[in-house]
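Residue numbers for the sequence shown follow the numbering used here, beginning at 18 and rising by one. In this text, a Cβ means the ideal position worked out from N, Cα and C, and glycines have one as well.
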Amino acid sequence: MKMSSANPSGWSFERKGTEWVTDQERRGTPRALFWPWAGTSCNVLLVSFGPYVTALGLDWQLAALAAAVGAVLSFLLLALVSLAGQQGGAATMVAGRAAFGFHGNKIPTLISYVALVGWETFSAVLATLAARTVARRLDPNMSTTPLMVAILVTVILASAVVGMYGCHVILRIQKWFALTFTALTVVYMVLTLPNISFETHGRAGVGAFAGGVLLIASLLGLSWVNTAADYTRYLPRESGKRALVGWTTFGGTAPAVVLMGFGTLLASGDPKIAAMAETDPIAALSTHLPTWFLVPYLILALVGFVSGSIIGLYSSGLALQTLGVRIPRHYTVLIDAAVIAGAGGYVVFAAPGFFAPFQAFLTTTAVVMAAWSGIFLVDLWQRRRIGYDRTALFSPVGSYGKLNLAGIGCLTVATVIGFGLITSPDPHIGPLLGYLFTPAARAGSLGNSNLGILVALVIAIPGYAVLHRVRPPARPNPFGHNDNQTEVGDALVRS
18 MKMSSANPSG
28 WSFERKGTEW
38 VTDQERRGTP
48 RALFWPWAGT
58 SCNVLLVSFG
68 PYVTALGLDW
78 QLAALAAAVG
88 AVLSFLLLAL
98 VSLAGQQGGA
108 ATMVAGRAAF
118 GFHGNKIPTL
128 ISYVALVGWE
138 TFSAVLATLA
148 ARTVARRLDP
158 NMSTTPLMVA
168 ILVTVILASA
178 VVGMYGCHVI
188 LRIQKWFALT
198 FTALTVVYMV
208 LTLPNISFET
218 HGRAGVGAFA
228 GGVLLIASLL
238 GLSWVNTAAD
248 YTRYLPRESG
258 KRALVGWTTF
268 GGTAPAVVLM
278 GFGTLLASGD
288 PKIAAMAETD
298 PIAALSTHLP
308 TWFLVPYLIL
318 ALVGFVSGSI
328 IGLYSSGLAL
338 QTLGVRIPRH
348 YTVLIDAAVI
358 AGAGGYVVFA
368 APGFFAPFQA
378 FLTTTAVVMA
388 AWSGIFLVDL
398 WQRRRIGYDR
408 TALFSPVGSY
418 GKLNLAGIGC
428 LTVATVIGFG
438 LITSPDPHIG
448 PLLGYLFTPA
458 ARAGSLGNSN
468 LGILVALVIA
478 IPGYAVLHRV
488 RPPARPNPFG
498 HNDNQTEVGD
508 ALVRS
């Protein structure tokens with residue numbers, strides 16, 4: 018997918034940031050979207066997501082089914098959001114100004130930025146911990162600090178360089194990352210095959226199953242939904258909507274279903290792996306590997322973490338520009354890389370704990386992103402006839418105004434209610450959540466169901482639909498039909 022009207026080579030440098038993408042700059046087909054989203058799911062960490070679901074008390078069949086449903090639904094939601102990029106030519110959080118107002122949009126954009134940087138930090142930290150795990154297996158007396166520093170720096174630099182080059186290079190790189198990961202994963206699965214079990218044990222509670230679905234949704238598509246349009250804004254407007262939605266959903270879902278399903282079988286065959294995965298998933302997944310495969314296993318882990326980090330780093334740079342940072346996009350990537358280096362270094366070498374705070378971060382941001390997604394999709398649907406106003410997206414005095422109270426109000430209400438229906442084991446954040454549960458419900462399967470994520474989505478959709486109506490533009494389009502307004506035109510129905 019070429020990214021410039023100057024017809025550069027596939028490895029050229031993308032200069033465009035949050036600026037509008039005109040029809041003359043659009044290239045490619047929806048099929049190319051398979052690779053970036055497959056790359057986000059090509060991560061050895063997803064094998065540990067299977068044990069996370071079985072830990073809710075489900076047997077491996079129900080756990081695998083819940084994981085698959087969560088993956089499909091979350092990436093389908095992401096794919097629908099991505100239609101805004103193809104039809105509007107704007108980055109995801111820029112298009113959000115239509116629903117929240119020019120300045121009001123800074124609230125969800127800031128949350129989006131923090132969520133993306135958090136995920137990028139998580140990837141860098143786990144890559145560093147993977148290096149420590151492998152080093153200790155190879156030589157228990159080895160000083161692991163130099164290697165951990167080297168890996169942390171390498172992951173951040175590799176992600177930053179690709180992120181600076183931009184969308185077209187990311188699409189190419191993700192393909193090779195995904196193919197490399199697939200080859201190494203086949204070997205990994207063959208080596209760990211003797212440790213899987215098809216025995217069933219657990220319960221089939223509705224609350225546990227729903228909890229598994231929502232947990233996986235928060236770990237997968239909901240973690241990336243705020244980046245969706247960033248990778249479709251260069252597609253030609255006439256590209257098929259069904260193909261766009263289909264390839265995006267398939268790309269994110271296919272690797273995830275296989276990896277998580279295999280993880281449920283590992284957890285069934287060795288409960289110790291499931292228990293260890295809750296605190297150190299990288300070490301847990303390497304428990305039964307022979308020594309000769311430890312270095313390839315480290316490469317396998319690094320490929321997955323860099324692949325996910327690239328997606329986030331590119332979009333977090335666009336989010337920073339949307340917030341009003343007036344520097345070129347490729348420099349925003351450097352800012353993000355510096356933040357990740359500082360945060361990742363602290364977590365790896367100084368923080369007393371990691372996984373409980375991260376779980377709390379993951380759940381709370383998923384609630385906000387679910388509510389944001391509902392509002393964004395309703396707004397996109399309401400604009401199916403008239404599309405986006407190019408001028409208004411980039412001006413606080415445009416037709417979208419400075420603040421859309423309907424969007425901000427629905428986001429706030431849905432988030433507050435959603436926080437009241439989730440729980441967290443983190444001792445600092447946990448007490449602030451779950452305030453709408455009774456003590457018994459909070460301690461039971463309902464408290465572990467992540468119900469607030471679904472409730473936030475369900476509240477936001479009808480709330481915004483009732484409170485907001487799109488008004489047709491009152492003046493002629495000075496930019497011409499194709500570049501100023503977009504016809505989403507029944508895209509959601511046809512998809």
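Span of the alpha helix (DSSP H), counted from its first residue to its last, around residue i
i           : result
residue 314 : 311-339
residue 363 : 346-366
residue 282 : 258-286
residue 52  : 51-58
residue 516 : Lying outside 18 to 512, the shown extent of the chain, residue 516 is not represented and no answer is given.
residue 567 : What the structure shows of the chain is the stretch from 18 to 512, and residue 567 is not part of that stretch, so it cannot be assessed.
residue 68  : 62-71
residue 211 : Segment: none, residue 211 is in no alpha helix (DSSP H) and carries neither H nor E.
residue 481 : 468-484
residue 246 : Careful: residue 246 lies outside any alpha helix (DSSP H) and carries neither H nor E.
residue 298 : 298-302
Assigned secondary structure, residue i (DSSP; H/G/I helix, E/B strand, else coil)
i           : result
residue 241 : helix
residue 507 : Its pLDDT being 38, under 50, residue 507 is placed unreliably by the model, and nothing is read from it.
residue 76  : coil
residue 445 : coil
residue 235 : helix
residue 307 : coil
residue 293 : helix
residue 406 : coil
residue 185 : helix
residue 255 : coil
residue 194 : helix
residue 156 : coil
residue 25  : Bear in mind that a pLDDT of 42 at residue 25, under 50, signals an unreliable position, so the model cannot answer this.
residue 488 : coil
residue 42  : helix
residue 451 : coil
residue 439 : coil
residue 416 : coil
residue 463 : coil
residue 395 : helix
residue 343 : coil
residue 180 : helix
residue 411 : coil
residue 48  : helix
residue 389 : helix
residue 35  : coil
residue 87  : helix
residue 378 : helix
Neighbourhood of residue i by C-beta distance below 7 Å, restricted to the same chain and skipping five residues each side
i           : result
residue 34  : 335, 338, 345 and 346
residue 52  : 188, 191, 192, 195 and 268
residue 216 : 285
residue 272 : 55, 58 and 59
residue 32  : none
residue 165 : 145, 148, 149 and 365
residue 318 : 61, 144, 147 and 299
residue 177 : 330, 350, 351 and 354
Own chain partners of residue i with C-beta closer than 8 Å, once the 5 adjacent residues on each side are dropped
i           : result
residue 458 : 464
residue 472 : 431, 434, 435 and 438
residue 306 : 205, 208, 209 and 314
residue 497 : Unreliable positioning characterises residue 497 in this predicted model, as indicated by a pLDDT of 38, which lies under 50. A coordinate reading is not provided.
residue 238 : 88, 90, 91, 92, 93, 94, 95 and 269
residue 478 : 391, 392, 394 and 395
6 Å Cβ shell around residue i - same chain, five flanking residues per side excluded
i           : result
residue 329 : 133, 136 and 137
residue 276 : 63 and 64
residue 409 : 415, 416 and 417
residue 101 : 112, 246 and 397
residue 181 : 347 and 350
residue 357 : 137, 138, 141 and 173
residue 81  : 278 and 281
residue 260 : 47
*With a floor of 4 residues, list each alpha helix (DSSP H) that falls wholly inside the region 101-150, ordered by position along the chain.*
109-112 and 114-117
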